[in-house]
Structure formats: C-alpha cells, structure tokens
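Reading through the structure tokens given below for one structure.
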Amino acid sequence: MPKLKVDGIEVEVPPGSTVLQACEAIGVEIPRFCYHEKLSIAGNCRMCLVEMEKSPKPIASCAMPAADNMVIKTDTPMVRKARHGVMEFLLINHPLDCPICDQGGECDLQDQAMAYGRGDSRYGEMKRAVKDKNMGPLVKTIMTRCIHCTRCIRFAGEIAGVEELGATGRGEDMEIATYLEKALDSELSANIIDLCPVGALTSKPYAFNARPWELRKTESIDVMDAVGSNIRIDARGAEVMRVLPRLNEAVNEEWISDKSRFACDGLRRQRLDRPYVRHDGKLQEASWPEAFEAIRARLGGLAGDRIAAIAGDLACAESMVALKDLLAALGSPHLDCRQDGAKLPAASRAAYLFNSTIAGIEQADAIVLVGTNPRWEAPLVNARIRKRYLMGGLKVAVIGEKLALTYKIQHLGAGPETLAELAAGHHPFAEMLKAAKKPMLILGQGALARADGAAVLATARQLAESCNLVREGWNGFNVLHMAAARVGGLDLGFVPGNGGRDVAGILDGASSGAIEAVYLLGADEIDMARLGRAFVIYQGHHGDAGAHRADVILPGAAYTEKNATYVNTEGRVQLARIATFPPGEAREDWKVLRALSDALGRRLPYDTLAAVRKRLVEVNPVFASVDAVAPAGWGAFGSAGAMGAAPFVSPVRNFYMTDPISRSSQTMAECTEAFVKPKLGVGKPDAGKTGTHG
Amino acid sequence: MSASHHHAPANFAFTPDNLALAKRIIAKYPPGRQQSAVIPLLDVAQRQHGWVPDAVIEYVAEMLEMAPMRVREVASFYAMFNLKPVGKIRVQVCTTTPCWLRGSDDVVAACKKALGIGFKETTADGKFTLTEVECLGACVNAPMMQVNDEYYEDLDAASTTRILDDLKAGRTPRTGPQVARQTSAPIAGFTTLKGTGGS
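As you go down the protein sequences, you meet chains A and B in turn. Residue numbers for the first sequence follow our numbering, so the first one is 2 and each next one is one higher. Residue numbers for the second sequence follow our numbering, so the first one is 699 and each next one is one higher.
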C-alpha cells in the first residue's frame, strides 16, 4: 500500500492506484477530461497536471502510479499555470457556441474553464471546423466541439465491445469517426453521450428540448429489462424529458442500454388516460364508476374458478399483490405472471434467480450460456461478461444460437441434446466447468419458455450439480430474466394456486369458455385471439394488444409515474419513484385495484402505500430488504422429463421493441429501421414483429 | 500502373510473393502480437496497389485480426500512406524551416512550373503527384525533396527542374546531393582528418 503526501496530507492508497485517485481519496478535486474511472487511461488531455516534488515538470496525475514517499502538490503557481495553459490550448479550436449547445449547463469544459481557466484567450487566428459525422438515430454529433479526449473511442472498444469508433488523421487533422461513417451498432451506444465531456456528442432525440436546470430529477429504476438498472428520470412539468444512468456498481455500474435511455418518448404516445367500456363492440370513454359498474355487472355472479388473471412484464409488485389478493377474495386460483409460459417454479427461489449476482460475473472463470442472447436480453449483463472477459482467463460457451457477442465464444450446440450431454458429463466442456473455480450457467428464457421448459430446467439443475456449480460461497446457477416484473411476481407467488391454470391453461380455458373473465394487468404479449369470448379487463398504461382486445380498460401508471417495487433478475428489491403523475384519469395501479375491490364488495385491507408494502413483506419477507440480494437456498426443482429436439432460440427478435412503452417509442422505431431491419432483410413478413410475439 | 488502380476496388489480395513476404513479416512478432505488423503490411500493400483503398484496410485488418477502424487510424496517421489515388511518381518537397531558409520556395516554384500542378494535385497523365511535407530529416542537405523512395538534396531551381525533366523522360537521375559534395560532408571540403595520419 503506497503511502504518499498530497497537499501536506498523508494518504495511503491500494497498490495500482494513480496519483489522481490518491488526490480524490482525500477529497482534492483534480480537473480532467480524458480520464474516466471505468475506461483505460489515455493521458492525452493534460488537464490533470499536478506538481510532484523532485520532478522538474508537472506530471499527468491520471497516468502516474502512486508510489511511496511521493510529495504531490495540487495548488501551487506551477499547477495553476499548467492548468491555464492546457485550458487555453483546449479552447483554441473549441467554438464559443455554448448558448446553442445542448451540453450547456452540464458541460465539463464549461465548468472547468470557469474554475481553472484564465478567463481570456490570446488566440486570434482562425479556428478549425470539422464535418459532423453520422452516428445513427441516437447520437448527434457536432464534431467541431470535440477536444479529442477519446473517451467515446475507449468506451466503444472496451465496454460496448464494438471497435467501430476511432481517431483518423493526426494533429490538427485528427477527427473522431466511425468506420465508413456507419451508425454505431451497439445496444450501449448512447452512453458515449454521457461520457463526452463537451457538446460534441449529444442526444439526438433530446436535442434542443430542455436545459438541465429546468429539469426535476428523480432517482428511479428502469423496467425495460430485468437488470433493474438504476436511472435518473429528468422531467419538466408532466413530461419525462430524458432518462440517464445512475451509479450502482452492483447492477449497471454507470451505464444503461439505449432502450432504457430512449424508450421514454413512448410514454407520451398511445396512452390510456381514461377508462373505457365496450358497448356494442366499440370501446367508449367512461368514468371510473361506470367502468367499475361494468366489471361488477359481469363478475358479480361469476364463480371464482371462471375468473383468471395474467400479470404483464412491467407490473410492479404492489399491483401484483393487490391483484393476487383480489383473485383470492373472488375465489379464483387461476393466475400467472409468466406470460411467455416460462416453466419456472415459484416454490424454489434459487431456481429462478441470477444467483451469482451481476457483480459476481467478475469472479467467474467459465460461463455457459443456454438459450439466451445476453446482448439483447440484458445488455448490461453482457457488458459485465465482456468486462470479465477483458480481464483474461474466461471461457464462454454457448448452447443455442450462434451469436455475435462482444467476446469470444465456443459454440457447443444448438439445443437440449447438447445440454443433456453436458449435464451427463459427456461433453469436454463439462470438465472445463468442473475444473473452474467459479463456473456459471446462465439459463435464458429461450430455454425455459417452451413446452419442455420444466425438463430443460431439471437438466440444467442436473448440470449444476454434476459440474459442481453450486459450492461453498458460490452459486453458479443463473436464470436470466427479461421482464422487470417476473422475479417480483414469482416472489409473490403470482402463479396458479391449487388446481389453478397457468397462462396456457387460462388461454385454453378462455377459448373453450371454461374461463369467462380474464384480468390482464399490463399483459400484452399473449395471443389475444385465444381469449375467445371471455370478458377481458385490461389495466395498463398503453393502448397495445391487451387494450385493443379489452371489454373494460382501467388506465394505470407507467413505471415513471408511480412509487413501485421491482425485483431484478438477481432478486434485488428496488424502488422506482414517481417522476410525473399519470396522465388524465389514470391512477397508480394498486389504487385502481383497491378501488375496484371496493366496487366488487371485497375491499382489500390496505389504504396506503405503506400498508401495501407491509402486505408485500407479509407475503414474502425478501421485500423487507431493499437494494439487497439475499442468497437463495439450493433445493430440488424442475421436473425430469423428455426434452424436445428444437434448438434454443432467444425470444428477443428486436432489441429495441419488447414492451408497450418501447413499441410506442418513435426513437425505438428509428433504431429498428437503422439497426435491426438491415440485418433481418427488410420486407420479410416477420421483420416488423416485436420481440416477444408468439 | 493501370488506370483501374485509380478507382476504389471492391477487393484486394496480396500477390503470392507479397503474401509470402507478409507472412515473413508477421512471423517476426510473438504469437498474439501480430497487430504489430500493421505498418509494414500496409506498406507492402501500398507498393503493390499504389495507394491504400478501403479494400486494403479491410484485407490487412482481417489478416491481423484487427478492427478495420484500428487499421484506418494507423493508415491515416502516417502521411506516407496514400488514402487517395496518387501518381506513379510522388514528389514530396520539404518546406520545414531549415529547407525553407535554404531556398525551398525556389524548389517548390520549380516543381509547380515543371509539372504544371499545385500541391496535392496529380498531373493529367497520372504520372506525378506533388505534395508539401514536413521535415524528412535531411536538414544538413537542405533544401531537399523525396521522389518515391529516393532523396534529392542540396537543390536549387535548376537542379530541381533537371531532375523532374529526367523523370518525365523516363531517365533515372542521380540521387543524393546535387552539388559537388560527398553525402553530408562539409560543403566546402573536408575540415578535419585531412592528413594521412600518425604523429
């Protein structure tokens, strides 16, 4: 542990730390542009110069390893002069267009020029101008503003794993560009907007929309996938203007996927802002009492086992527990939160969690991916695997599709056959898993949401046991979810009760007439045609498939419009917070259910959010510890049986459109045009189909 | 060089000789470090094709298991690589301070007059391309210019015109200093070691 002195204060830092980190450790701020904690060190902006005793010149603190007995000074005439000089050079070619720059108000260059610059320029010559580059529908470029810190290049190459960005030319001719001016094809591309310390890379959908000081900032949780990325929602008035990542080392570090960031424009379109009731085959606007009355009239005389409920992928835990309690009060055992039909048991928590945790990926040394495309199902899990891969010594194998991931993979086979071989120890990779110190199995919904899913799960458990994936202090068995609601639903037991029907059974029942009323809590990914003549109540926020089929629509709140609990794929309980109010007549979802229960004469016993949350803890104590992951006990699960021959296929066919919000988003539609359709071959009948159809 | 070389080709491949050469170059570096061969390979490719189109960048990138963008970064960094078609004879005149002080303006004027083109231009017959370059490291023989792989030094307007006329006529002018001087020895004759030795 090197011990050094910074501004007269002794500081001890972990080996491998830099002088800059040592300064930060005692709270001394060092200005910087190119240095970033999560990226490799470039040392090219020179803004972080400090004085080191016995060194004739100032040193770049970001690139200088901290060593014993160093004496660093950060506030001397030499340092001030160096900063003035560097800042003056950086500003030589930087345009003075701050008033029309979207970075204004949150610009590192602006802030640091104020804090460390000399206040004027002695440069009277012409500034250079650089042609703007096309980086696709998300990233807007004004390349004249670029100061060549190369953060974007390093992010694309290191974190996103697409080496498409680079710096061409040199000296005054240096320019940042993608190869052949192609759009940056990565699910994480827009993080370069946050990384850019100036206004060279800004958000295209957000261009000229708002200034940072006008925005109301709410710390919340993302629901576009099951990672539960920590986000900050920036709103102005009733509108969500943008979504930004928030640091959480255990979950998303400081990145979010492009869908998490940009699907928010879908919150303004196709919204359900008042109740509707179907009269003579047509949906007509109604008041809340009218809608409740229509439901009461239809449900009133119905036996409990003729009623069913399906919870969708974006449902919060509060609304699910309320709906579960309501179904119980109505006497129905038919409820399910696995609308894709995944054969996951609610009884054993270890069977449906990402047990190793996302941060745990960094300790793994062998990973086998089964029936999943992490790049599209959970881009941040994929980024974590790449991070581990870059540390060296990681073997990744795939059973399923041959994927273009951001690390080298060994393709073992396409389907259940290979999985069985591996589980039986007949495959050479089984030895690799056994020999590994921290082996991981990542099981995707592509392997579970199929008729033989339970048998696949049992085989995966057999593999976990035969290859010793579950050891003292390590659980290498992982299920990768895609739906933000899924783990919460399973934790709450939102699954068929005694003699209850699962999703397939509910749809069969609705088709045959055995089920007469179906309550869809934001469930849009099921085959609506199979609901037959059933009376359908749709509670949700977007006019998607479910609302079109519904007989009564109850307008609910989107994830940005309610205080809600979500559990991510690791089993981490996290709280989303209200950033804007639901539009029009729409209300927070648990309140809708609470009011409906009253109208049906079966009043739910909670009137406040605190009471609902108390009920959550009552149903499952995991809800008591927010932002924590409790290890789940290993037990028997899955049911042995014959597995089919069909290969595993990831359910996501279009990363940019997987739920009602992203399907309503203009930006996501543009991304589909730019990134997905060219790969599928436009004009194919399936090209427009969304990720979780069918 | 055929005219087709002036269009960006869709594909590029080394000739068998150059492929063997490339393999020898790659073998100089430790396994897994083959990217170190990117500059020599680009040079071999440019000597074969005359310039470096995207097809060359992609070919070299694939051979060295690099992203094409990484190869383009290298190719665009060095002025020696031509990312656009150039004439068969590339005339590069140094105009950095020592050459400029010693009369590079006259050399430049002579080049422009003899070839009838300006900087970054190619003659109509596709034979000559004229460029202005920074220091080529022959300051002691300033002013100087580089023609393809050869240096012509201690130039003035007359000698420059003569060299270019020879090149136009297909002759090979004498390289090195164009005045009576042995390489970089003092221009007014030896100043030391004049005797035959021994005290």
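No residue lacks a Cβ here, since even glycine has one placed at the ideal position from N, Cα and C. Please read these numbers as outputs of a predicted model, since none were measured by experiment.
Asked                                                                                                                   : Found
Contact list for B/P766 against chain A, beta-carbon separation under 7 Å                                               : Y180
Test: B/S802 CB closer than 8 Å to a CB of chain A                                                                      : no
Cβ-based burial, A/Q411 [other Cβ within 10 Å; buried from 16]                                                          : exposed
Within chain A, the residues that B/E771 reaches when beta carbons sit closer than 8 Å                                  : G167, A168, T169
Cβ neighbours of A/M321 in the same chain (closer than 6 Å, five flanking residues each side left out)                  : A312, G490, L493, F495
C-alpha distance - B/V772 paired with A/T169, whole-angstrom precision                                                  : 8 Å
Spatial distance of A/S357 from A/N479 (CA atoms)                                                                       : 7 Å
B/T858: first and last residue of the uninterrupted alpha helix (DSSP H) it sits in                                     : 855–866
Whether A/A85 touches A/R47 by CB criterion (8 Å)                                                                       : Per the sequence shown, the amino acid found at residue 85 of chain A is His instead of Ala. No, Cβ-Cβ distance for A/H85 and A/R47 is not below 8 Å.
At least three beta-carbon pairs within less than 8 Å, the stretch 179–191 of chain A to the stretch 258–271 of chain A : yes
Inter-residue Cα distance where the pair is B/H705 and A/A178                                                           : 23 Å
A/E286: contacting residues in chain B (beta-carbon distance under 8 Å)                                                 : Neighbours of A/E286 on chain B: none; closest Cβ ~55 Å, over 8 Å.
Minimum C-alpha distance to A/L97 - residue among A/P276, A/I143, A/I368                                                : A/I143
Every unbroken alpha helix (DSSP H) inside the stretch 476–543 of chain A [4 residues or more]                          : 487–492, 504–513
Residue from A/A23, A/G636, A/C102, A/A518 with nearest C-alpha to A/F209                                               : A/C102
Of the listed residues A/T570, A/C63, A/L449, nearest to A/S640 (C-alpha basis)                                         : A/L449
A/P556 burial status per 10 Å Cβ neighbour count (16 or more: buried)                                                   : buried
Near-chain B residues of the stretch 152–164 of chain A - C-beta to any C-beta below 7 Å                                : E164
Below-8 Å beta-carbon distance, B/F779 vs any chain A residue                                                           : no
C-beta atoms of A/R487 and A/A310 nearer than 8 Å                                                                       : no
Integer-rounded CB distance, given that B/A855 should sit under 8 Å from B/A807                                         : 7 Å
Between the CA atoms of B/Q733 and B/L834 - distance to the nearest angstrom                                            : 26 Å
Close-in-space but distant-in-sequence residues of the same chain around B/L717 (CB under 7 Å, 5 per side omitted)      : none
Per-residue DSSP class, three states only, for A/N231                                                                   : strand
Alpha-carbon spacing of A/S230 relative to A/E159, whole angstroms                                                      : 20 Å
Residue-chain proximity (B/F775, chain A), Cβ-Cβ < 8 Å                                                                  : yes
Listed by chain order, chain A residues near B/D741 by CB distance under 7 Å                                            : Residues of chain A passing the Cβ test: none, with the nearest at roughly 18 Å.
Through-space distance from A/A236 to A/M242, alpha-carbon basis                                                        : 5 Å
Rounded C-alpha distance that separates B/L853 from B/C792                                                              : 11 Å
A/D69 (DSSP reduced to helix, strand or coil)                                                                           : coil
A/T693 to A/V140 span [Cα, whole Å]                                                                                     : Low local confidence applies: a pLDDT of 49 at A/T693 is under 50, so the model's placement there is unreliable, and no value is given.
Run of the beta strand (DSSP E) containing A/H412, from where it starts to where it stops                               : 411–414
Beta-carbon neighbours of B/D852, restricted to chain A and to distances below 8 Å                                      : By Cβ distance, chain A contributes nothing, its closest Cβ being about 29 Å from B/D852, past 8 Å.
Counterpart residues of A/D337 in DSSP-defined beta bridges                                                             : A/I311
Proximity below 8 Å, CB of B/P783 to CB of B/G748                                                                       : yes
C-alpha distance - A/S18 paired with A/F156, whole-angstrom precision                                                   : 21 Å
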